[in-house]
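Asks:
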Amino acid sequence: MTLILANTGWGDDDFTDEEDPADSSSASFGDDDVTTGDPVVSIDGDEVVYVTREGLKELRDELEHLKTTRRREVAQRLKEAISYGDLSENAEYEEAKNEQAFVEGRIRELEEKVKHAKVISEKKDKPGTKVVNLGTKVVLRIIKAGKEGDNEEYTIVGSTEADPMANRISNESPIGNAIMGHKTGDTVDVVVPAGKIKCKIAKIF
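Quick note: the sequence shown uses my numbering, first residue 30, plus one each step.
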């Protein structure tokens with residue numbers, strides 16, 4: 030059985046390696062920050078965005094693509110639409126303006142995520158001390174009528190990288206939140222849209 034889990038300022042300086050807070054040693058987090066599964070707020074009052082290094086690269090790549098390629102493409106579409114004249118009844122112009130608004134909105138969203146990104150640190154736990162945390166992989170078993178179901182493997186990630194279809198669940202999702210901070214062998218109660226279920230942590234790695 031597969032679980033379906035619901036939770037579910039500009040410039041090139043964003044891409045420099047010299048002043049990237051998300052890549053600095055201070056960007057890693059301590060256990061107290063994330064084991065509860067609750068959102069963490071930064072000093073300036075904005076919510077911290079936890080990502081893997083791969084996830085941060087994907088955010089940056091998309092941002093760079095939007096700020097260069099897509100912006101130029103939309104600008105060209107607008108230029109062509111304006112050349113048709115009579116903007117009051119110009120469907121091409123309206124479509125281009127809507128696309129421009131979408132692109133600029135997405136750019137602002139990505140800039141905020143990159144600005145507040147914290148890269149998940151890769152810590153080596155002592156044998157027998159590992160608990161569920163951001164970046165860990167877990168094997169879960171759903172318990173029904175006292176019987177354990179099949180193994181289901183998941184990776185716990187921040188909400189930005191969550192993809193239930195790829196078994197990547199957010200620490201803010203019902204199951205992700207419930208198992209944060211627990212160890213192998215623990216059984217936890219999870220409140221999901223369909224009701225309450227029991228979930229056993231079979232393995233953490």
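Ideal Cβ placement from N, Cα and C applies to all residues, glycine included.
Quick caveat, the model's predicted, so the values are computed rather than measured.
(1) What does DSSP give as the partner residue(s) for Asp146 in the beta ladder?
(2) Which whole-angstrom value is the C-beta distance of Leu163 and Ile185, which I expect to be below 8 angstroms?
(3) Determine the extent of the alpha helix (DSSP H) in which Ser112 is found, giving its start and end residues.
(4) Per DSSP, which one or two residues make a beta bridge with Leu169?
(5) Would you identify the three-state DSSP class for Lys126, choosing helix, strand or coil?
(6) As a quick exercise: from Ile149, Asn200, Lys173, pick the residue whose alpha carbon is nearest that of Thr81.
(7) Less than 7 angstroms between the beta carbons of Thr213 and Ile233, yes or no?
(8) Is Ala207 near Val219, with beta carbons less than 7 angstroms apart?
(9) Short check: CB of Leu88 to CB of Val143, under 7 angstroms?
(10) In whole angstroms, what separates the C-alpha of Glu124 from that of Glu138?
(11) What is the DSSP secondary structure of Asp90, counted as helix, strand or coil?
(12) Tell me the DSSP bridge mates of Gly224?
(13) Would you identify the three-state DSSP class for Thr213, choosing helix, strand or coil?
(14) Assuming Asn206 is part of the alpha helix (DSSP H), what are its boundary residues?
(15) Let me confirm a value: Tyr79 is counted as buried when at least 16 other C-beta atoms fall within 10 Å, else exposed. Which label applies?
(16) Leaving out five residues before and five after Lys166 in sequence, what residues of the same chain have Cβ atoms less than 6 angstroms from its Cβ?
(17) Checking the sheet assignment: what are the DSSP bridge partners for Arg135?
(18) Are Ala110 and Glu121 closer than 7 angstroms when you measure CB to CB?
Replies: The relevant details are as follows:
(1) As a working note, residue 146 is residue 117 in the sequence shown. In the sequence as presented, Asp is not what sits at residue 146; that position holds Ala. Answer is Val78, bridged to Ala146.
(2) Position 134 of the sequence shown, counting from 1, holds the residue named residue 163. Position 156 of the sequence shown, counting from 1, holds the residue named residue 185. Indeed, because the Cβ distance is near 6 angstroms, the residues count as touching under 8 angstroms.
(3) Within the sequence shown, the letter at position 83 stands for residue 112. Element bounds for Ser112: 100-112.
(4) The residue given as residue 169 occupies position 140 in the sequence shown. Answer by DSSP bridge pairing, in chain order: Glu181, Ile230.
(5) For this step, residue 126 is matched to residue 97 along the sequence shown. Three-state result, Lys126: helix.
(6) Position 52 of the sequence shown, counted from the first residue, corresponds to residue 81. Comparing Cα positions, the closest option is Ile149.
(7) The residue given as residue 213 occupies position 184 in the sequence shown. The residue given as residue 233 occupies position 204 in the sequence shown. Taking 7 angstroms as the cut-off, the Cβ atoms of Thr213 and Ile233 count as close.
(8) For the purposes of this step, residue 207 is identified with residue 178 of the sequence shown, where counting begins at 1. For the purposes of this step, residue 219 is identified with residue 190 of the sequence shown, where counting begins at 1. A contact, by the Cβ cut-off of 7 angstroms.
(9) Counted from its first residue, the sequence shown places residue 88 at position 59. Counted from its first residue, the sequence shown places residue 143 at position 114. Their beta carbons are under 7 angstroms apart, which means Leu88 touches Val143 by this criterion.
(10) Residue mapping note: residue 124 aligns to position 95 of the sequence shown, counting from 1. Residue mapping note: residue 138 aligns to position 109 of the sequence shown, counting from 1. If I take the Cα positions, the gap works out to 21 angstroms.
(11) As a working note, residue 90 is residue 61 in the sequence shown. Residue state, collapsed to three classes: helix.
(12) On the sequence shown, residue 224 is found 195 positions in, with the first residue counted as 1. Its beta-bridge partners are Val221.
(13) For the purposes of this step, residue 213 is taken as residue 184 along the sequence shown, with counting starting at 1. The answer is coil: DSSP assigns Thr213 none of H, G, I, E or B.
(14) To locate residue 206, count along the sequence shown from 1; it is residue 177. 203-208 is the span of the alpha helix (DSSP H), which, as asked, contains Asn206.
(15) Counting from one through the sequence shown, the residue named residue 79 turns up at place 50. Buried is the call here.
(16) Indexing the sequence shown from 1 puts residue 166 at position 137. For Lys166, where only same-chain residues beyond five positions count, the Cβ hits under 6 angstroms are Thr184, Phe234.
(17) Along the sequence shown, one-based indexing puts residue 135 at 106. DSSP output for Arg135 lists no bridge partner at all.
(18) Residue 110 sits at position 81 when you count from the first residue of the sequence shown. Residue 121 sits at position 92 when you count from the first residue of the sequence shown. Contact flag set, yes.
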